[in-house]
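Engineer:
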Amino acid sequence: MSSKDTNIQRGYQHTKNLWEKTHSANTDQCNEYIDLSIASDISLDPSLARKKLDNFPQLSEFEVVRHYTQLSQKNFSIDAGMYPLGSCTMKYNPKINDVVAMNHKWTGLHPYTPEHLSQGALALMFELQQALVAITRLKACSLHPAAGAHGELVGVKMIRAYHDKKGQQRDVILVPDSAHGTNPASAALSGFSVRELSSNAQGVIDLEEVKAKMDDRVAGIMMTVPNTLGVFEKNICEISQFVHEQGGLVYCDGANLNALVGQVDFSKMGVDVMHINLHKTFSTPHGGGGPGAGPVVVSDRLEPFLPRPFVEKTSEGLFTWSEATDDSLGRFRTFYGNFGMLLRALCYIYAFGKEELSLISEVAVLNANYIRSKLIDYYHLPFESASLHEVVFSDKLQNKQNHVTALDIAKRLMDYGFHPPTMYFPLIVKGALMIEPTETESKTEIDRFLEAMIRIAKESQETPDLVIKAPHNVGYKRINETQAARNPILTWFDSSSVD
Amino acid sequence: MEFPEDVKYTKEHEWVRVESNRKMVVVGITEYAQDKLGDVVHVDLPDPGAEVTLGDSFGSVESVKAVSDIYAPVSGKVKEINDTLLDTPELVNEDPYGEAWMVKIELADASELDDLLSPEEYKLHVAAEEEA
Amino acid sequence: MRYIPLTLSDRKQMLQDIGVESTQDLFSSIPSRCRFEGQPALPSKKNESQLISYFSELADQNQSKFKGWSSYLGAGAYQHFIPSVVDLLSSRGEFATAYTPYQPEISQGTLQAIFEFQSMIAALYGMEVSNASMYDGASSLAEAVLMAGRIRKQRNVYISQAVHPEYIDVVRSYTGDVDLELIMLPVGNDGRTQIENVDLEQAAAVVFAQPNFFGVIEDLTVCKKFGDVVTIVANTDPLAFGLLQEPGAFDVDIVVGEGQSLGNPLHFGGPHVGLLCSKKKYLRQLPGRLVGKSIDEDGREAYVLTLSTREQHIRRQKATSNICTNHSLIALRSAIYMACMGRNGVMALARKNYERAHTLCEKLLHIPGVKQKYASDFFHEFVLELPTPTSTFLANMEKQNILAGIDLSTWNAQSDREILICATEVKSDQDLDLYVNAFRGAL
Numbered sequence: 143m144s145s146k147d148t149n150i151q152r153g154y155q156h157t158k159n160l161w162e163k164t165h166s167a168n169t170d171q172c173n174e175y176i177d178l179s180i181a182s183d184i185s186l187d188p189s190l191a192r193k194k195l196d197n198f199p200q201l202s203e204f205e206v207v208r209h210y211t212q213l214s215q216k217n218f219s220i221d222a223g224m225y226p227l228g229s230c231t232m233k234y235n236p237k238i239n240d241v242v243a244m245n246h247k248w249t250g251l252h253p254y255t256p257e258h259l260s261q262g263a264l265a266l267m268f269e270l271q272q273a274l275v276a277i278t279r280l281k282a283c284s285l286h287p288a289a290g291a292h293g294e295l296v297g298v299k300m301i302r303a304y305h306d307k308k309g310q311q312r313d314v315i316l317v318p319d320s321a322h323g324t325n326p327a328s329a330a331l332s333g334f335s336v337r338e339l340s341s342n343a344q345g346v347i348d349l350e351e352v353k354a355k356m357d358d359r360v361a362g363i364m365m366t367v368p369n370t371l372g373v374f375e376k377n378i379c380e381i382s383q384f385v386h387e388q389g390g391l392v393y394c395d396g397a398n399l400n401a402l403v404g405q406v407d408f409s410k411m412g413v414d415v416m417h418i419n420l421h422k423t424f425s426t427p428h429g430g431g432g433p434g435a436g437p438v439v440v441s442d443r444l445e446p447f448l449p450r451p452f453v454e455k456t457s458e459g460l461f462t463w464s465e466a467t468d469d470s471l472g473r474f475r476t477f478y479g480n481f482g483m484l485l486r487a488l489c490y491i492y493a494f495g496k497e498e499l500s501l502i503s504e505v506a507v508l509n510a511n512y513i514r515s516k517l518i519d520y521y522h523l524p525f526e527s528a529s530l531h532e533v534v535f536s537d538k539l540q541n542k543q544n545h546v547t548a549l550d551i552a553k554r555l556m557d558y559g560f561h562p563p564t565m566y567f568p569l570i571v572k573g574a575l576m577i578e579p580t581e582t583e584s585k586t587e588i589d590r591f592l593e594a595m596i597r598i599a600k601e602s603q604e605t606p607d608l609v610i611k612a613p614h615n616v617g618y619k620r621i622n623e624t625q626a627a628r629n630p631i632l633t634w635f636d637s638s639s640v641d
Numbered sequence: 047m048e049f050p051e052d053v054k055y056t057k058e059h060e061w062v063r064v065e066s067n068r069k070m071v072v073v074g075i076t077e078y079a080q081d082k083l084g085d086v087v088h089v090d091l092p093d094p095g096a097e098v099t100l101g102d103s104f105g106s107v108e109s110v111k112a113v114s115d116i117y118a119p120v121s122g123k124v125k126e127i128n129d130t131l132l133d134t135p136e137l138v139n140e141d142p143y144g145e146a147w148m149v150k151i152e153l154a155d156a157s158e159l160d161d162l163l164s165p166e167e168y169k170l171h172v173a174a175e176e177e178a
Numbered sequence: 512m513r514y515i516p517l518t519l520s521d522r523k524q525m526l527q528d529i530g531v532e533s534t535q536d537l538f539s540s541i542p543s544r545c546r547f548e549g550q551p552a553l554p555s556k557k558n559e560s561q562l563i564s565y566f567s568e569l570a571d572q573n574q575s576k577f578k579g580w581s582s583y584l585g586a587g588a589y590q591h592f593i594p595s596v597v598d599l600l601s602s603r604g605e606f607a608t609a610y611t612p613y614q615p616e617i618s619q620g621t622l623q624a625i626f627e628f629q630s631m632i633a634a635l636y637g638m639e640v641s642n643a644s645m646y647d648g649a650s651s652l653a654e655a656v657l658m659a660g661r662i663r664k665q666r667n668v669y670i671s672q673a674v675h676p677e678y679i680d681v682v683r684s685y686t687g688d689v690d691l692e693l694i695m696l697p698v699g700n701d702g703r704t705q706i707e708n709v710d711l712e713q714a715a716a717v718v719f720a721q722p723n724f725f726g727v728i729e730d731l732t733v734c735k736k737f738g739d740v741v742t743i744v745a746n747t748d749p750l751a752f753g754l755l756q757e758p759g760a761f762d763v764d765i766v767v768g769e770g771q772s773l774g775n776p777l778h779f780g781g782p783h784v785g786l787l788c789s790k791k792k793y794l795r796q797l798p799g800r801l802v803g804k805s806i807d808e809d810g811r812e813a814y815v816l817t818l819s820t821r822e823q824h825i826r827r828q829k830a831t832s833n834i835c836t837n838h839s840l841i842a843l844r845s846a847i848y849m850a851c852m853g854r855n856g857v858m859a860l861a862r863k864n865y866e867r868a869h870t871l872c873e874k875l876l877h878i879p880g881v882k883q884k885y886a887s888d889f890f891h892e893f894v895l896e897l898p899t900p901t902s903t904f905l906a907n908m909e910k911q912n913i914l915a916g917i918d919l920s921t922w923n924a925q926s927d928r929e930i931l932i933c934a935t936e937v938k939s940d941q942d943l944d945l946y947v948n949a950f951r952g953a954l
């Protein structure tokens, strides 16, 4: 294998921006997609009218097609190669899901279509609500949130509403030091202050640590299971029980559900609310950063507080929007959820069915452990606890020898045609490299990845400069992030610095 | 790594230069702190006139990937800030003990100065952090 | 399972290399008391052919134009024509199956496209900066209100009653646990927001919608009267600004929008895309991702996510927001759409929308008993007062396969004879005539 064996286009190619391609010769042009002619001039009061539309491009359709096709060739994607970005669950996004979701009978449906005329859409949402309840074994589900962090916000607000209803003043949330940044941020946005829990030497939270931080101001605890080290929180059942005894509730960050599908019963784990990232576990495309979908599932304690509306089934077998209640949180977005993503997720779940759903977690965990077993001789493993769907190494060995950092290793992986792992997260590992292969990689591809990682470990010893100066063959050298932040240029017509 | 002898230090990696007969201090971040942060891209400072309390965060220094709070090494009133840093944050990397001073604070209680670290003590503190 | 490439012999080999007997051994760290017993209550697995039939049968249970229905529904989600290139280019796997561009050297496609998106959105609204997008218009507005509270540390947020009611609900949900109070501004007979109640001293922000929920074009010159109070304009169809004076021209501080109209399907309400623009001086208070321009080590122009110290993954509980995602793929679709339409297309399209709605409104006003609710001019939707209850009228229209509009009693019980009707460029003269005839019969 050579570092020329890469999955993305090599060689630098400048893609002029849309404005550089807008030339004065075609400014009278207007692409005709639908009749835009009007019979007589319109009556708008000139004082309300726009004088001119500056700084807007104007191209022919084929120029637009070339532009975006060229841009697409500058992107790495899961379709092009392995993307072991820890905590992000970059798995194959089956094409059938897109075909099903983009059916015109779904895309053309207005959200305010009366319910008796949108029974198909309501039925679909009902089925996904039921499926997520069946998979987690919690009580009820709302598909409302647009993303994981949005689901967190809704979940934490439900915890708040639960205590408010009981007339309890609880304004603190416990969050482990290994948590995703969205956890403390969501808690803060709900008016909670955050009390941090320290992970122990095995990378998990001890019951004693929770006991030490718990008091009657604590509204609940947010646990990621498995945590961001890919390690199962083995004390979770005892922690949940204790928190409940103290009057608190348990939030489970479902970002790592891919490790647990069909393996864990979340009601037995004592979870009161959990968000599920459909774009991770249930394969909806990440789209360059979104949209995702972050449904929440809850225990019976929190069911009354779910955001509305969600779908209910009547005794006649019809589907209907739930009525508003006093306890419900209400809305955190317009309409009902990221419907197009919900469709894709249900399509993924049904492809596995009840028989094979647990294959998702089985193979994801197998792949991660295989990687762990093969790289452990080359990279430092800061926590030796059993890994589930991902494994966190660090740059300690490489850094000590030749000051090769996690960033350097990541950049060098690009030369070998792989997307780098997540770097520098979780924060409790210095120089972390978090690797998550998912269930959809072949052994051949994983072996190629391992070979690249092992080569980089050797290069770090023998030819460290090769790693430190990477990437060498992806069309770009390292990009100057300092300059971008010191002097932010955020639109093509903006050249001034921020004041 | 430089540890100038004419200033005192805090465990949060600020340096403190005592002036005007222990009535005023000048505060900045240490060379070690800027080195750990990397290229500084933004500095956030309090408004002149603000009251600050020992140990509280009163500003921040940002690199591309990290934010570091600046904690008040003493209590008192902010008399002056170095607003050149707002436009040229890179000075924090280039001259942390000189041109990149951050604020001047009028002391409320000069005895607080006695708890600051000497250059020797700070050196040990840095070594201990490196060890960890 | 066709999505899982491992063969049985692969699995065997891998287990051997790991040094365990079975995959279940790898789950031994999970206590038995919380293990999943049995199978989940789901249907049996379906192959691709079964999936296609299953989901198309479900889809057939909806009304649609493919079954001869026509729709005049708007109110925050609009039917516009989408050029074929938008679907096909945006669904390229290189775009759709990439993650957030954390590694800029191999993500220049997404990054440049989003930089161009930010540029076009900022240009359309006449603002200095735009972020890389949010979830939707309503959550963008909620974030803008929180942002205003950080910029101007006052308590009162004045919000026009003519902002989309779901947007108001979302602002209420987001601000419920922070120290901000929402105060509603009434709507006059002209359909415009009345600002007499605003107490400038204690105001953090004043929020208008343009065009407003009733379709009415607000007079935004009032925004210049508010001094240091943060002015926010919410917009549910950015195409309006191909015709209307852009908010930036009125010195507005923050503009939020819903970008669904920019080449994105209705899709039963999502995913759509939130737009968020502000003056550059508020950049550090702006939530969400931002793409900036830079260079690589060889000096070549390149793009990168920037100013991320505002965000949750670095600043955690002190971040400007908890948001992590942007609706990047929908932002990309919007960018492709805007590039296809171009300056001339956007302006012509906006005029056509205005013309269609006005042509329809004029025809309907000839029907006895039908009155226009508000005196001020509107963009592409308008409110009529009917001589009969709206619910009865809508049911009658449904019998003719027409979704005639939105019953405003949904949000305000007193408005039970009011209807909000939207007509965009997709309606032909013939469509409008059919609608008008059906309307006559349905009253």
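Residue numbers (our numbering), protein chains in the order written: chain A, 143 to 641; chain B, 47 to 178; chain C, 512 to 954. Glycine is no exception: its CB is placed at the ideal position from the N, C-alpha and C atoms.
#1: For the beta strand (DSSP E) containing residue 957 (chain C), name the first residue and the last one.
#2: Is there a C-beta anywhere in chain C that falls below 8 Å from the one on residue 434 (chain A)?
#3: Can you check whether the C-beta of residue 111 (chain B) is within less than 8 Å of a C-beta belonging to chain C?
#4: List, in chain order, every chain B residue whose beta-carbon is nearer than 9 Å to that of residue 820 (chain C).
#5: So residue 135 (chain B) contacts chain A; which residues on that side make the cut at Cβ distance below 8 Å?
#6: Does the Cβ-Cβ distance between residue 854 (chain C) and residue 180 (chain A) come in under 8 Å?
#7: Using only CA atoms, which one of C:749, C:878 and C:932 lies nearest to residue 954 (chain C)?
#8: What number of angstroms, rounded off, separates the C-alpha of residue 631 (chain A) from the C-alpha of residue 164 (chain A)?
#9: Between the alpha carbons of residue 417 (chain A) and residue 158 (chain A), how many angstroms are there, rounded?
#10: Taking C-beta pairs closer than 9 Å, name the residues in chain C that residue 215 (chain A) reaches, listed in chain order.
#11: Please classify residue 155 (chain A) as buried or exposed, where buried requires at least 16 other C-beta atoms within 10 Å of its C-beta.
#12: In angstroms with no decimal places, state the Cα-to-Cα distance between residue 597 (chain A) and residue 222 (chain A).
#13: Can you list, in chain order, the residues of its chain with a C-beta nearer than 8 Å to that of residue 60 (chain B)? Leave out the 5 residues immediately preceding and following it.
#14: So with CB distances below 7 Å, who are the chain B contacts of residue 825 (chain C)?
#15: Below 7 Å, is the gap between the Cβ of residue 423 (chain A) and the nearest heavy atom of the ligand SAH?
#16: Which ranges does the beta strand (DSSP E) cover as unbroken runs of at least 3 residues, wholly within the region 564 to 612 of chain C, from first to last along the chain?
#17: Please decide whether residue 767 (chain C) counts as near chain A, where near means a Cβ-Cβ distance under 8 Å.
#18: Under the assumption that residue 94 (chain A) contacts residue 888 (chain C) (Cβ atoms under 8 Å), give the Cβ distance between them as a whole number of angstroms.
#19: Write down every uninterrupted run of the beta strand (DSSP E) in the region 344 to 431 of chain A whose length is 3 residues or greater and which is fully enclosed by it, in chain order.
#20: At what residue ranges does the region 895 to 924 of chain C contain a whole run of the alpha helix (DSSP H), taking only runs of 4 or more?
#21: Does any residue of chain A have a CB that is nearer than 8 Å to the CB of residue 717 (chain C)?
#22: Any contact of the region 461 to 476 of chain A with the region 327 to 338 of chain A, i.e. 3+ C-beta pairs under 8 Å?
#23: Can you give me the Cβ contacts of residue 106 (chain B) inside the same chain, cut-off strictly under 7 Å, excluding the 5 residues immediately before and after it?
#24: Is there a C-beta anywhere in chain C that falls below 8 Å from the one on residue 574 (chain A)?
#25: In chain C, which residues lie less than 8 Å from residue 198 (chain A) when you measure between Cβ atoms?
#26: Taking the alpha-carbon positions, what's the residue 148 (chain A) to residue 599 (chain A) distance?
#27: Please report the distance separating the alpha-carbon of residue 552 (chain C) from that of residue 489 (chain A).
#28: Anyone know if the C-beta pair for residue 725 (chain C) and residue 894 (chain C) falls short of 8 Å?
#29: Identify which residue in A:494, A:503, A:290 and A:560 has its Cα closest to the Cα of residue 559 (chain C).
#30: Give me the Cα-Cα distance between residue 501 (chain A) and residue 585 (chain A), rounded to the nearest whole angstrom.
#31: Give the secondary structure of residue 146 (chain A) by DSSP, where H, G and I count as helix, E and B as strand, and everything else as coil.
Structural biologist: The relevant details are as follows:
#1: In the structure displayed, chain C extends from 512 to 954; residue 957 (chain C) sits before or after that span and is not available.
#2: Working through the first sequence from its first residue, we reach residue 434 (chain A) at position 292. Interface residue, yes.
#3: The count along the second sequence starts at 1 and reaches residue 111 (chain B) at position 65. Under the Cβ distance rule, residue 111 (chain B) counts among the residues neighbouring chain C, one pair being separated by less than 8 Å.
#4: Locating residue 820 (chain C) in the third sequence gives position 309, where the first residue counts as 1. The answer, in chain order, is 87, 88, 106, 108, 109, 110, 111, 112 and 113.
#5: Numbered from its first residue, the second sequence carries residue 135 (chain B) at position 89. 628, listed in chain order.
#6: Stepping through the third sequence from its first residue, residue 854 (chain C) is reached at position 343. Stepping through the first sequence from its first residue, residue 180 (chain A) is reached at position 38. No. Outside cutoff.
#7: Position 443 of the third sequence, counting from 1, holds the residue named residue 954 (chain C). The shortest C-alpha separation from residue 954 (chain C) is found at C:878.
#8: The count along the first sequence starts at 1 and reaches residue 631 (chain A) at position 489. The count along the first sequence starts at 1 and reaches residue 164 (chain A) at position 22. Each residue's Cα considered, the two are about 20 Å apart.
#9: The residue labelled residue 417 (chain A) in the question sits at position 275 within the first sequence. The residue labelled residue 158 (chain A) in the question sits at position 16 within the first sequence. Our two residues, residue 417 (chain A) and residue 158 (chain A), have alpha carbons roughly 41 Å apart in a direct line.
#10: Within the first sequence, residue 215 (chain A) is the residue found at index 73, counting from 1. The contacting residues are 605 and 620.
#11: Start at 1 with the first residue of the first sequence, and residue 155 (chain A) comes out as number 13. Exposed, because fewer than 16 other Cβ atoms sit within 10 Å of the Cβ of residue 155 (chain A).
#12: Here the question's residue 597 (chain A) lines up with position 455 in the first sequence. Here the question's residue 222 (chain A) lines up with position 80 in the first sequence. Going from the Cα of residue 597 (chain A) to the Cα of residue 222 (chain A) covers about 21 Å.
#13: Locating residue 60 (chain B) in the second sequence gives position 14, where the first residue counts as 1. 73, 74, 75, 76, 79, 116, 117 and 119.
#14: Here residue 825 (chain C) refers to the residue found at position 314 when the third sequence is read from its first residue. Within 7 Å Cβ-Cβ: 111, 112 and 113.
#15: No copy of the ligand SAH appears in this structure; indeed no ligand is present at all.
#16: none
#17: For this step, residue 767 (chain C) is matched to residue 256 along the third sequence. With 8 Å as the cut-off, residue 767 (chain C) does not count as an interface residue toward chain A.
#18: Limits of chain A in this structure are 143 at one end and 641 at the other, which puts residue 94 (chain A) out of reach.
#19: Runs found: 360 to 366, 391 to 395 and 415 to 417.
#20: Restricting attention to alpha helix (DSSP H) runs no shorter than 4 residues, the region 895 to 924 of chain C encloses them at 901 to 909, ordered along the chain.
#21: Indexing the third sequence from 1 puts residue 717 (chain C) at position 206. Closer than 8 Å: no.
#22: The answer is no - the region 327 to 338 of chain A does not touch the region 461 to 476 of chain A, with fewer than three Cβ pairs under 8 Å.
#23: Residue numbering aside, residue 106 (chain B) sits at position 60 when the second sequence is read from its first letter. Excluding positions up to five away in sequence, the list reads 90, 113, 114, 115 and 116.
#24: Start at 1 with the first residue of the first sequence, and residue 574 (chain A) comes out as number 432. Judged by the 8 Å Cβ criterion, residue 574 (chain A) is not in contact with chain C.
#25: Here residue 198 (chain A) refers to the residue found at position 56 when the first sequence is read from its first residue. Under the 8 Å cutoff, chain C gives 631, 634, 635, 849, 853, 854 and 857.
#26: Numbered from its first residue, the first sequence carries residue 148 (chain A) at position 6. Numbered from its first residue, the first sequence carries residue 599 (chain A) at position 457. Confidence at residue 148 (chain A) is low in this model, with a pLDDT of 48, below 50, so the placement of that residue should be treated as unreliable; the coordinate-derived value is given next. Each residue's alpha carbon lies about 18 Å from the other.
#27: The residue labelled residue 552 (chain C) in the question sits at position 41 within the third sequence. The residue labelled residue 489 (chain A) in the question sits at position 347 within the first sequence. Going by the C-alpha atoms only, they are around 16 Å apart.
#28: Within the third sequence, the letter at position 214 stands for residue 725 (chain C). Within the third sequence, the letter at position 383 stands for residue 894 (chain C). Contact: yes.
#29: As a working mapping, residue 559 (chain C) is identified with position 48 in the third sequence. Closest by alpha carbon: A:494.
#30: Translated into positions along the first sequence, residue 501 (chain A) becomes position 359. Translated into positions along the first sequence, residue 585 (chain A) becomes position 443. Near 16 Å, if we compare the C-alpha coordinates of residue 585 (chain A) and residue 501 (chain A).
#31: Your numbering for residue 146 (chain A) matches position 4 in the first sequence. At residue 146 (chain A) the pLDDT is 49, less than 50, meaning the model places this residue with poor confidence; the figure from the coordinates comes in the next sentence. Coil.
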